[in-house]
Every structure is written in C-alpha cells, then in structure tokens.
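A.B. asks:
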Amino acid sequence: MADAAPPSKSRDLDKLLLRPGNLVGPTFDPGVQLRDDLQEYAKILVVGAGGLGCELLKDLALSGFKNLEVIDMDRIEVTNLNRQFLFRLEDVGKPKAEVAAKRVMERVSGVNIVPHFCRIEDKDIDFYSDFNIIALGLDSIEARSYINAVACSFLEYDSDNNPREETMKPMVDGGTEGFKGHARVIVPGVTPCFECTIWLFPPQVKFPLCTLAETPRNAAHCIEYAHLIKWDEVRSGKAFDPDNADHMKWVYDEAVKRAELFGIPGVTYSLTQGVVKNIIPAIASTNAIISAACALETLKIASAFSKTLSNYLTYNGVEGLHTKVTEFVKDKDCLVCGPGVLIELDTTVTLQEVNFLHLIEPSL
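Note that full-length UniProt numbering has the sequence shown beginning at 1, numbered continuously upward.
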C-alpha cells in the first residue's frame, strides 16, 4: 500500500480561499490564483517587534503571506524574554526586528522578512506607500498617531467628498494590557481612524512635582523624582534618552538613593524602565489572542474571503473570557482622515494689500 501524500502546507488556507461562502466580501474571487497572488504580491508591514509584534509576525507568515517587513527601534532586553518567544538569552542587546525576522524565516519556509532597525519616523513616505496593509503591534499612542497620519496622508477624495478606494491604506491595530486587549480595522475614509477615537485612551498618569520633591510615598515617586527633577539638576542641558542604557541606569541609581532616604522599598531596574517608558504589562496568552485576531483581519482585507471586523474588538480575560465588537463611527470633521477644506490662495498678494482684502472679505 502506497504511503499517503503529505498534507499541503496551504491546506487550511485553501479552505478559506478556494471555496465560496455567504459572508464573503464583494471582490472575493475564490481559486488557486487568489492564493498564489496573495502569497506572491501582497506586502505587509508589521510595526513593532515586541510581545505582540513577534506573535503577529509569526501568525502572518503562517497565514500565507510571503512578503513581510518589520520595523522596530528597540534592542532585546532580558525582561523581554518571558513574553517574546522569538528571542533567546544570547540575543540580549541585538535589534528586535532583525532577530524576529531571522527566527520566523527559520521556522516558516518560503517566507521573506525584511527587518528595519530604526525609528518609524526615519522612513520617508515612499517607504510606507509600498505596502498593501500596515499591521500595528505598538504600545505607544504617539507611534500609533504617527502611522495613522502617514496612512491617511495617502487618502484622496473626489469632487463629491467621497474617498477614492485606490488611495486607501488599510491598517490593523492591536494592543494589549495585562489580560485585556483590542483589535481594530482602520480603513481611512471608511472607518474611524486612530485620531477619530483618540478619546478611547485614558490620559497618562502624572504625579504632582511637589509630592515628588518633598514627600514621595512609593517607588514610582522616587523614580519620577530622579527622572524629572534630579536629571535636570545634575545634567542640565542634556536631553534624557529613555532608550539609552546609561541614562536609564543613572535614573535607577538615583531612584534607589531616594528610596533609601525615605525608607521606601521596591525600586528595581525593571520598574524604573516601566515608569520612565510607561511600559504596559504584557502577558503572552493575551498577545497570542489579539495577534490571531489581527492576522485574521489582515487576511480578510487582503483576500476578501470574509467581511472584515466592524470595527473594534475588545477582549477581557480577567475573569473568564469576554469579547465584544463595537462599531465606532467616523468623525466627519476629523483633521487627519477627513476631506478637509480647500483654500485657494493668490501667491502674488503682498502685505500691503492685506487691509484692502479685509475690506472685501473681513474673515480673511
């Protein structure tokens, strides 16, 4: 009896892409050609190679995407190893993006991943225009806002203020905090962009300077004292860099001295990093769940085998398991993704003519 043929690597993917269904998108055209085009031509950018980014990179590679790129500015630290499964102890000090790309390519044959060890701001607009979809695995509001602005900058509207589909740059955003997380689909011009729902994020916790300087009550107060007050006193004129190991070590040492002075326990190097960088606690299982949701939505956008999430999924695993999908509404007056207002200017007008123009149109 002849041995059975080994299962195809794309067996599970074929069940989604080769068969019609009731919930497919309007452009879905099932067949081998769709699968091959997806693997050969779709280009996905993963922003962030931390706990969520590592999971996302792996999930996208296993979902059939062959052309991936990942960008991250950080290096691997010992504290990363408990939740970022692509990294090993010998990788400490190496760029996250480079190690993550190398490990996924070792495990998933046929995938090509290009790493970028730099800040997202270091890449020009042409770099981002080259991707079909941008997947975000970030822990920073500022970084999300920047990528959102970049993606929305490609968006164009017609004369009736309808978004042009060919100029849309879809994004899939994931985020985790302990046992909670979210996954969302952002299609500029169609769904709310990040700025439309910026109110979803709570304001960052800030401590009164008088408390830090006079009566610290916990370890975080001691750390913020060293970071916000002591640094400027001792190193006036030199900007603090949270990604500089020497700077972080200095803050830690000063925080320890401050804590000992007031008899406050609990100042550790990892806590110092968490307070200064506003690091959000991460759990591997939450990262895996949110990453799976993000990878699935990315595949939906790229192939249209199913309608995408509409448009914000929240997950809560604190007590049992709870998920909910909320459909947020786009802000029609959003300055980032909205059509804006066209202002026509006469470049030949001089300052001497301003008063005359005010007589014609006082609102100028």
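Note that beta-carbon positions come from the ideal geometry of N, C-alpha and C, so glycine has one too. The model shown is predicted, which means the values in this text are computed figures rather than measured ones.
Please specify which runs of the beta strand (DSSP E), each continuous and at least 3 residues long, are wholly inside the stretch 45 to 107, giving them in chain order.
C.D. replies: Those beta strand (DSSP E) runs which fall completely within the stretch 45 to 107 and span 3+ residues are 67 to 72.
A.B. asks: Determine contact between the stretch 316 to 325 and the stretch 68 to 88, defined as no fewer than three beta-carbon pairs at a distance below 8 angstroms.
C.D. replies: Not touching, per the Cβ criterion.
A.B. asks: If you run the structure through DSSP and keep just helix, strand and coil, what is N287?
C.D. replies: As a position in the sequence shown, residue 287 is number 287, starting the count at 1. Of the three classes helix, strand and coil, the one that applies to N287 here is helix, per DSSP.
A.B. asks: Is the stretch 223 to 234 in contact with the stretch 247 to 257, if contact means three or more CB pairs nearer than 8 angstroms?
C.D. replies: Flag = yes, the stretch 223 to 234 and the stretch 247 to 257 touch.
A.B. asks: Express the C-alpha separation of I147 and R119 in angstroms, rounding to a whole number.
C.D. replies: Reading the sequence shown from its first residue, position 119 is the one you call residue 119. Reading the sequence shown from its first residue, position 147 is the one you call residue 147. Between R119 and I147, the C-alpha separation is close to 11 angstroms.
A.B. asks: State whether the stretch 65 to 82 contacts the stretch 43 to 53, with contact taken as three or more CB pairs (one from each stretch) at a distance under 8 angstroms.
C.D. replies: Because the criterion of three Cβ pairs below 8 angstroms is met, the stretch 65 to 82 and the stretch 43 to 53 touch.
A.B. asks: How far does the beta strand (DSSP E) with A183 in it reach, from first residue to last?
C.D. replies: As a first step, residue 183 must be located in the sequence shown, where it is residue number 183. Unbroken beta strand (DSSP E) run through A183: 180 to 186.
A.B. asks: Suppose the cutoff is 6 angstroms on Cβ atoms and the five residues either side in sequence are ignored; what does the same chain contact list for P115 look like?
C.D. replies: Residue numbering aside, residue 115 sits at position 115 when the sequence shown is read from its first letter. Correct list, in chain order: V70, A97, E98, A101.
A.B. asks: Could you check what DSSP says for K15 in three-state terms: helix, strand or coil?
C.D. replies: Residue numbering aside, residue 15 sits at position 15 when the sequence shown is read from its first letter. It is helical.
A.B. asks: Check whether the Cβ atoms of F194 and S145 lie closer than 8 angstroms to each other.
C.D. replies: The residue labelled residue 194 in the question sits at position 194 within the sequence shown. The residue labelled residue 145 in the question sits at position 145 within the sequence shown. A contact, by the Cβ cut-off of 8 angstroms.
A.B. asks: Check G274 in the structure and name its three-state DSSP category.
C.D. replies: As a first step, residue 274 is located in the sequence shown; it is residue number 274 there, counting from the start. Correct three-state label for G274: helix.
A.B. asks: Please look up how many angstroms separate the CB atoms of M171 and A151, rounded, as I've assumed it's under 8 angstroms.
C.D. replies: Walking along the sequence shown from the start, residue 171 turns up at place 171. Walking along the sequence shown from the start, residue 151 turns up at place 151. Their Cβ separation, rounded to whole angstroms, is 5 angstroms, which keeps M171 and A151 in contact under 8 angstroms.
A.B. asks: With D59 and A295 assumed to form a contact (beta carbons below 8 angstroms), what rounded beta-carbon distance in angstroms separates them?
C.D. replies: Mapped onto the sequence shown, residue 59 falls at position 59. Mapped onto the sequence shown, residue 295 falls at position 295. Rounded, the Cβ-Cβ distance is 4 angstroms, consistent with contact.
A.B. asks: Tell me, to the nearest whole angstrom, how far the beta carbon of E178 is from that of I290; I am working on the premise that it is less than 8 angstroms.
C.D. replies: Sequence index remark: in the sequence shown, residue 178 carries index 178 (1-based). Sequence index remark: in the sequence shown, residue 290 carries index 290 (1-based). Looking at the sequence provided, one finds Gly at residue 178 rather than Glu. Not confirmed; about 12 angstroms, so no contact.
A.B. asks: Could you tell me if L89 is buried or exposed, where buried requires 16 or more neighbouring beta carbons within 10 angstroms of its beta carbon?
C.D. replies: Working through the sequence shown from its first residue, we reach residue 89 at position 89. Burial call: exposed.
A.B. asks: Answer yes or no: the CB of E233 versus the heavy atoms of the ligand GDP, is any distance below 7 angstroms?
C.D. replies: Ligands displayed in this structure: none; no statement on the ligand GDP is therefore possible.
A.B. asks: Please check the pair P188 and L155, which I expect to be a contact at CB under 8 angstroms, by giving their CB distance rounded to whole angstroms.
C.D. replies: Sequence index remark: in the sequence shown, residue 188 carries index 188 (1-based). Sequence index remark: in the sequence shown, residue 155 carries index 155 (1-based). Sure, about 5 angstroms apart at Cβ, within 8 angstroms.
A.B. asks: Since E177 is in the beta strand (DSSP E), which residue starts that stretch and which ends it?
C.D. replies: Taking the first residue of the sequence shown as position 1, residue 177 is located at position 177. Unbroken beta strand (DSSP E) run through E177: 171 to 177.
A.B. asks: Might you give, ordered along the chain, the residues of its own chain that have their beta carbon closer than 6 angstroms to the beta carbon of P281, omitting 5 neighbours on each side?
C.D. replies: Position 281 of the sequence shown, counting from 1, holds the residue named residue 281. Contacts found: G178.
A.B. asks: Can you give the Cα-Cα distance for N278 and Q352, rounded to whole angstroms?
C.D. replies: Here residue 278 corresponds to residue number 278 of the sequence shown, with the count starting at 1. Here residue 352 corresponds to residue number 352 of the sequence shown, with the count starting at 1. Cα-Cα distance, rounded: 51 angstroms.
A.B. asks: Could you pull the start and end residues of the alpha helix (DSSP H) that Y146 belongs to?
C.D. replies: The residue given as residue 146 occupies position 146 in the sequence shown. It spans 141 to 153 - the alpha helix (DSSP H) in which Y146 sits, taken as one unbroken run.
A.B. asks: Return the bridge partner residues of N316 from the DSSP annotation.
C.D. replies: By one-based count along the sequence shown, residue 316 stands at place 316. Bridge partners of N316: K180, H322.
A.B. asks: DSSP three-state label for A240, please.
C.D. replies: Residue numbering aside, residue 240 sits at position 240 when the sequence shown is read from its first letter. One point to set straight first is that residue 240 is Phe, not Ala, in the sequence displayed. Coil at F240, not helix or strand.
A.B. asks: Beta-carbon separation of P163 and N311 under 8 angstroms?
C.D. replies: Your numbering for residue 163 matches position 163 in the sequence shown. Your numbering for residue 311 matches position 311 in the sequence shown. Not closer than 8 angstroms, so no.
A.B. asks: Quick one: Cα of C196 to Cα of F262, how far?
C.D. replies: Here residue 196 refers to the residue found at position 196 of the sequence shown. Here residue 262 refers to the residue found at position 262 of the sequence shown. When rounded, the distance between both Cα atoms is 44 angstroms.
A.B. asks: Cα separation between A149 and A183?
C.D. replies: The count along the sequence shown starts at 1 and reaches residue 149 at position 149. The count along the sequence shown starts at 1 and reaches residue 183 at position 183. In a straight line, the C-alpha of A149 is about 19 angstroms away from that of A183.
A.B. asks: Using only CA atoms, which one of E166, K238, V256, R217 lies nearest to T272?
C.D. replies: For the purposes of this step, residue 272 is taken as residue 272 along the sequence shown, with counting starting at 1. Checking every option, the nearest Cα to that of T272 belongs to V256.
A.B. asks: How about G137 and G53: do their beta carbons lie closer than 8 angstroms?
C.D. replies: Residue numbering aside, residue 137 sits at position 137 when the sequence shown is read from its first letter. Residue numbering aside, residue 53 sits at position 53 when the sequence shown is read from its first letter. Going by C-beta atoms, G137 is nearer than 8 angstroms to G53.
A.B. asks: Note down the Cα distance separating F28 from I301, rounded to an integer number of angstroms.
C.D. replies: For the purposes of this step, residue 28 is taken as the residue at position 28 of the sequence shown. For the purposes of this step, residue 301 is taken as the residue at position 301 of the sequence shown. About 10 angstroms.
A.B. asks: Can you grab the Cα-Cα spacing for the pair A245 / S270, in whole Å?
C.D. replies: Residue numbering aside, residue 245 sits at position 245 when the sequence shown is read from its first letter. Residue numbering aside, residue 270 sits at position 270 when the sequence shown is read from its first letter. Each residue's Cα considered, the two are about 12 angstroms apart.
A.B. asks: Straight-line CA distance for V108 to F127?
C.D. replies: As a working mapping, residue 108 is identified with position 108 in the sequence shown. As a working mapping, residue 127 is identified with position 127 in the sequence shown. So the two alpha carbons sit approximately 25 angstroms from each other.
A.B. asks: Based on Cα-Cα distance, which residue from G64, A288, L200, T326 lies nearest to D12?
C.D. replies: The count along the sequence shown starts at 1 and reaches residue 12 at position 12. The option with the nearest alpha carbon to D12 is G64.
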